[in-house]
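Numbering-wise, our numbering puts 162 at position 168 of the sequence shown, and it's gapless, one number per residue.
Just so it is clear, CB atoms sit at the ideal spot from N, CA and C, and this is done for glycine as well.
From a predicted model like this one, the values you see are computed outputs, not experimental measurements.
Here is the structure we will look at, set down as structure tokens.
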Amino acid sequence: MFTGIIQAVGEITQVRPIIDHGNNGLSLCISTGDLDLGDVGVGDSIAVNGVCLTVTSLVVGKFTVDVSQETLSCTEGLNQPGIRVNLEKALRLSDRLGGHLVSGHVDAIGLVVKFEPAGESYELIIWAPDSILRYLTHKGSIAVNGVSLTVNQVEGNEFSINLIPHTLAMTTLKELAPEMRVNLETDMLARYVAKLLNI
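Okay, structure coming up:
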């Protein structure tokens, strides 16, 4: 479980295919940037661009994870070296919940429609597939590449977000541009309510 409050920006430094009985996944080596791995062990979870991945090894300033073909098929930005990624360690029960509850299980891939200055902030508009539209609402929460954000408006298949300078400075969202694909995770509370109400 995570909060969507990014702790560091890292970089995928190496991508290797996993050769294991037909497994078409990848092994990634990720530099940690400013992320402190002092309390992280093999088997712990780290969200990488919003995707919950399990640490398979640790060295100073780097960790490795394995990504299955299934995960690769439904996420974005995990398959090539040089990609900068948002990093967040798993939430402790005693931690402050500054964002919202994020599972690290991507619901859909979105497409950036607009990313432009709006006063001192930036306006981000993302196209989302029909499958998640019922979970998007004015002032609701969504995670974009693992970053907890508030939805400003929803119109058709597009929703808008206001990005403040601090969020841009602390994440990779400042690198977005129209036509880029992003990982989207909707608010899990909205999903459960919809399931219970059968809507």
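*In three-state DSSP terms, what is Ala171?*
Numbered from 1 along the sequence shown, position 177 holds the residue referred to as residue 171. It is coil, neither helix nor strand.
*Neighbourhood of Gly211 by C-beta distance below 8 Å, restricted to the same chain and skipping five residues each side*: In this structure the chain extends from -5 to 193, so residue 211 is not present and cannot be described.
*asked:* Please state whether the Cβ-Cβ distance between Thr(-3) and Gly134 is less than 9 Å.
replied: Here residue -3 is taken as the residue at index 3 of the sequence shown, counted from 1. Here residue 134 is taken as the residue at index 140 of the sequence shown, counted from 1. For Thr(-3) and Gly134, no; Cβs fall outside 9 Å.
_Outcome for Tyr186 when other beta-carbon atoms lying within 10 angstroms are tallied against a minimum of 16_ = Translated into the one-based positions of the sequence shown, residue 186 becomes position 192. Burial call: exposed.
*When the Cα atoms are used, what is the spatial distance from Ala218 to Ile(-1)?*
Since the first residue of the chain shown is -5 and the last is 193, residue 218 is not available in this structure.
*Between Gly35 and the rest of its own chain, which residues show a CB-CB distance below 8 Å, the 5 nearest in sequence each way excluded?*
Along the sequence shown, read from residue 1 onward, the residue named residue 35 stands at position 41. So the qualifying residues of the chain are Val49 and Leu52.
*Exposed or buried, Ala171, counting other C-beta atoms within 10 Å across all chains shown (16 or more means buried)?*
As a first step, residue 171 is located in the sequence shown; it is residue number 177 there, counting from the start. Label assigned to Ala171: exposed.
*Alpha carbon to alpha carbon, what distance is there between Ile119 and Pro148?*
Looking up residue 148 in the sequence shown gives position 154. Looking up residue 119 in the sequence shown gives position 125. Note that residue 148 is Val in the sequence shown, not Pro. Looking at the two C-alpha atoms, the distance is approximately 9 Å.
*Take Glu173 as the anchor and find which of Ile158, Thr166, Val106 and Tyr116 has the nearest alpha-carbon.*
Looking up residue 173 in the sequence shown gives position 179. Looking at the Cα atoms, Val106 is the closest of the given residues.
*Can you give me the Cβ contacts of Gly71 inside the same chain, cut-off strictly under 6 Å, excluding the 5 residues immediately before and after it?*
Stepping through the sequence shown from its first residue, residue 71 is reached at position 77. Taken in chain order, the residues that qualify are Asn43 and Ile77.
*List the DSSP bridge partners of Gly104.*
Locating residue 104 in the sequence shown gives position 110, where the first residue counts as 1. Partner(s): Val176.
*Indicate the three-state DSSP secondary structure (helix, strand or coil) for Asp124 in the structure shown.*
Working through the sequence shown from its first residue, we reach residue 124 at position 130. It is helical.
*Min CB distance Leu157 to chain C below 9 Å*: Judged by its chain identifiers, the structure shown contains no chain C, having just a single protein chain.
*First and last residue of the beta strand (DSSP E) that includes Glu64?*
What you label residue 64 is simply residue 70 of the sequence shown in a count that begins at 1. Element bounds for Glu64: not the beta strand (DSSP E) but the alpha helix (DSSP H), Gln63 to Ser67.
*On a CA-only basis, which of Gly37, Val141, His160 and Ser125 is nearest Glu114? Give me that one, please.*
Position 120 of the sequence shown holds residue 114. For the residues Gly37, Val141, His160 and Ser125, the minimum Cα distance to Glu114 belongs to His160.
*Could you check what DSSP says for Lys133 in three-state terms: helix, strand or coil?*
Here residue 133 corresponds to residue number 139 of the sequence shown, with the count starting at 1. Three-state result, Lys133: coil.
*Going by the CB atoms, is the gap between Gly98 and Cys23 shorter than 9 Å?*
Along the sequence shown, one-based indexing puts residue 23 at 29. Along the sequence shown, one-based indexing puts residue 98 at 104. The answer is no: Cβ separation not under 9 Å.
*asked:* Rounded to whole angstroms, what is the Cα-Cα separation between Val59 and Ile40?
replied: Here residue 59 refers to the residue found at position 65 when the sequence shown is read from its first residue. Here residue 40 refers to the residue found at position 46 when the sequence shown is read from its first residue. Between Val59 and Ile40, the C-alpha separation is close to 9 Å.
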